[in-house]
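Asks: Residue numbers (this note's numbering), protein chains in the order written: chain A, 950 to 1463; chain B, 343 to 448.
Yeah, the Cβ is synthetic: ideal placement off N, Cα and C, and Gly gets one too.
1) With DSSP as the reference, identify every bridge partner of residue 1010 (chain A), one or two as the case may be.
2) Which runs of the alpha helix (DSSP H) at least 4 residues long sit entirely within the region 1361-1421 of chain A? Give them in chain order.
3) In angstroms with no decimal places, state the Cα-to-Cα distance between residue 973 (chain A) and residue 1114 (chain A).
4) Say whether chain B places a C-beta atom closer than 8 Å to the C-beta of residue 1358 (chain A).
5) By the 10 Å Cβ neighbour count, where 16 or more other Cβ atoms means buried, how is residue 1298 (chain A) classified, buried or exposed?
6) Give a yes or no on whether the minimum CB-CB distance between residue 1228 (chain A) and chain B is below 8 Å.
7) Secondary structure at residue 383 (chain B), three-state DSSP: helix, strand or coil?
8) Under the rule that 16 or more other beta-carbon atoms within 10 Å means buried, what is residue 1389 (chain A), buried or exposed?
9) Listed in chain order, which residues of the region 1249-1263 of chain A have Cβ atoms closer than 8 Å to some Cβ of chain B?
10) If the cut-off is 7 Å on Cβ atoms, which residues from the region 1371-1400 of chain A count as contacting chain B, listed in chain order?
11) When the Cα of residue 1266 (chain A) is compared with those of A:1023, A:1286, A:1245, which residue comes out closest?
12) Over what stretch of residues does the alpha helix (DSSP H) that includes residue 1146 (chain A) continue unbroken?
13) 8 Å is my cut-off, CB to CB: does residue 1276 (chain A) come that close to chain B?
14) For residue 1343 (chain A) and residue 383 (chain B), I'd like the C-alpha separation in whole angstroms.
15) Helix or strand or just coil, what does DSSP make of residue 1077 (chain A)?
16) Below 8 Å on C-beta distance, what does residue 1318 (chain A) contact in chain B?
17) Which word fits residue 1071 (chain A), buried or exposed, when buried means at least 16 other C-beta atoms lie within 10 angstroms of its C-beta?
18) Taking any Cβ of chain A, which residues in the region 349-370 of chain B have a Cβ under 9 Å from it, in chain order?
19) For residue 1207 (chain A), which of A:1163, A:1065, A:1033 has the nearest alpha-carbon?
20) Please say whether residue 995 (chain A) and residue 1031 (chain A) have beta carbons closer to each other than 8 Å?
21) Of all Cβ atoms in chain B, is any one closer than 8 Å to the Cβ of residue 1155 (chain A)?
22) Take residue 412 (chain B) as the anchor and find which of A:1042, A:1117, A:1153, A:1026 has the nearest alpha-carbon.
23) Who are the neighbours of residue 1165 (chain A) on chain B, taking C-beta pairs under 8 Å?
24) So if DSSP puts residue 1343 (chain A) in a beta bridge, which residue, or which two residues, is it bridged to?
25) Mark residue 993 (chain A) as exposed unless 16 or more other C-beta atoms lie within 10 angstroms of its C-beta, in which case mark it buried.
26) Please classify residue 1348 (chain A): does DSSP put it in a helix, a strand, or coil?
27) Please confirm if the region 952-966 of chain A is in contact with the region 1004-1011 of chain A, defined as three or more CB-CB distances below 8 Å between the two stretches.
28) State the Cα-Cα distance for the pair residue 1133 (chain A) and residue 1407 (chain A), rounded to the nearest angstrom.
29) With a cut-off of 8 Å, does the C-beta of residue 421 (chain B) fall near any C-beta of chain A?
30) Taking 8 Å as the threshold (beta carbon to beta carbon), is residue 387 (chain B) in contact with chain A?
31) For residue 1423 (chain A) and residue 1078 (chain A), what's the separation of their Cα atoms in angstroms?
32) Could you please tell me which residues of the region 1005-1029 of chain A, in chain order, have their CB closer than 7 Å to any CB of chain B?
33) What's the gap between the Cα of residue 999 (chain A) and the Cα of residue 1151 (chain A)?
34) Please check the pair residue 1319 (chain A) and residue 1284 (chain A), which I expect to be a contact at CB under 8 Å, by giving their CB distance rounded to whole angstroms.
35) Considering only the beta carbon of each residue, do residue 1375 (chain A) and residue 1226 (chain A) sit closer than 8 Å?
36) Between residue 1252 (chain A) and the rest of its own chain, which residues show a CB-CB distance below 8 Å, the 5 nearest in sequence each way excluded?
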């Protein structure tokens, strides 16, 4: 055989496998509103940047007639491509090949690009579209999942791991996305659950649709399992690229610097913040009044909306922002918002992203449901995450910072490097009404006109303690600043923290209240 | 902000009333009601395989009162205390959802 004919043979072989499950299966995929696996990689990656690995891998299963079945690329496309001209490790399950089912070789292809990502210090992006375990391969299929989960865990905190759910992702398979940092879902396409509607119906007699059980909305609004919601696959890939513009490629580096831009003028603090502390405003407007180009990438927007988390830039440098949201549940901390913030803080800390905390909360949410849901254990996560973090920690107290909420929101006492407060800040053990009712209980009860006395005492307490100056006089606040100087103060603090070095006693790992 | 105040609700923390929006989870939360030990509820969805007591029957603590199949397991439900059966709400073979009342003591 001549060299030329050998090259032709190579191309023939490649082309045959590259068609995946064939035209008919691909048409079916498209009819479901889904892009074929190879198209997805094309949209995600820079043009012509994809270098495929393991195209010729075949399954080794001989049971149930599988020895006669050829599964192109074993149902998953793997390799290296680039996003923003920087390399990324990718895999995309191909639903047109045996329903994207996962067998041992399919899994080995995935673990190969995972190992590569960790070794090279580049992100891992996995596109999930699979019916689940390849039943014919039995326990070997389970072995494959296990090997992926193990690597997800090992890679955690070393390289960013992104899961894109573009089809079913059910049973044990969902635990790979669950172990990764960011999960992207698309309306009507993503389906995530441990046990599907059919099992639930036969075992429990409860009827529910796939969409209502584990669709994109459920995962982004009710469970908090997913971080980003998109209406279409195209929008989803744009979101991924936007996220990648903010984060470093591994824990060995810092996020890429971009040209600084001033915030847009329409976000004016004086118009955003109401005078009364019991009136709400949208904390995202404050974030936009501070950050570069008023450009804020919010994460988990619809879940536990009483806390806002996301990435923004200050003077070109990426920061992770955590802000209480007075617009929702008065910005209280509760089970879900603590979980949400704690995980994000740990992400930022792992990837050298400074933390900016904006504080305005009345405390932890009272209620039987919260206590019984374990708000003690969950609320402790945020304390743990802030205390543990060694990246620069900058805190701005805008209005209320009461009680346990004050301590939890990256106070000086949990190791904040810089604590700023606005003149509107009220840093106190609790709100004036509650405090006056306790401290002056006897006096109020004994008074002829308890209401007048109560009002008087509340007024007294407010004047004396509902301000930033008591905390400032104790050094718990470094400086009380003009709200209009917030951006400048944070940028100066960030510059001053550039060489921050904080060492901790050596240990295997801590035991966070998971 | 003041234009949006129409859809705001009240929430009380430490005697202070705050105006704010509610999360769906908070809006749909159920008020706490203390558990009535005389009422036996299904703690998991399943099927009633057998009911071994009748209305008006006196039973001893730990006596089997019904057999309940859930998650492919047969669970024997026992009387939590000595007492008399006030009413049986379900019948043999019936499928019940989580939280349904199965039986009541006097």
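Replies: Quick answer:
1) According to DSSP, which records beta bridges pairwise, residue 1010 (chain A) is partnered with nothing at all.
2) 1381-1388, 1390-1395, 1399-1414
3) 23 Å
4) no
5) buried
6) yes
7) strand
8) buried
9) 1253, 1254, 1255
10) 1379, 1380, 1382, 1383, 1386
11) A:1245
12) 1146-1153
13) yes
14) 51 Å
15) strand
16) 371, 372, 374
17) buried
18) 350, 353, 354, 355, 356, 357, 358, 359, 360, 361, 362, 363, 364, 365, 366, 367, 368
19) A:1033
20) yes
21) yes
22) A:1153
23) Result: empty, since nearest Cβ-Cβ is about 16 Å, beyond 8 Å.
24) A:1305, A:1367
25) buried
26) strand
27) yes
28) 48 Å
29) no
30) yes
31) 56 Å
32) none
33) 44 Å
34) 6 Å
35) yes
36) 1169, 1170, 1171, 1172, 1173, 1285, 1289
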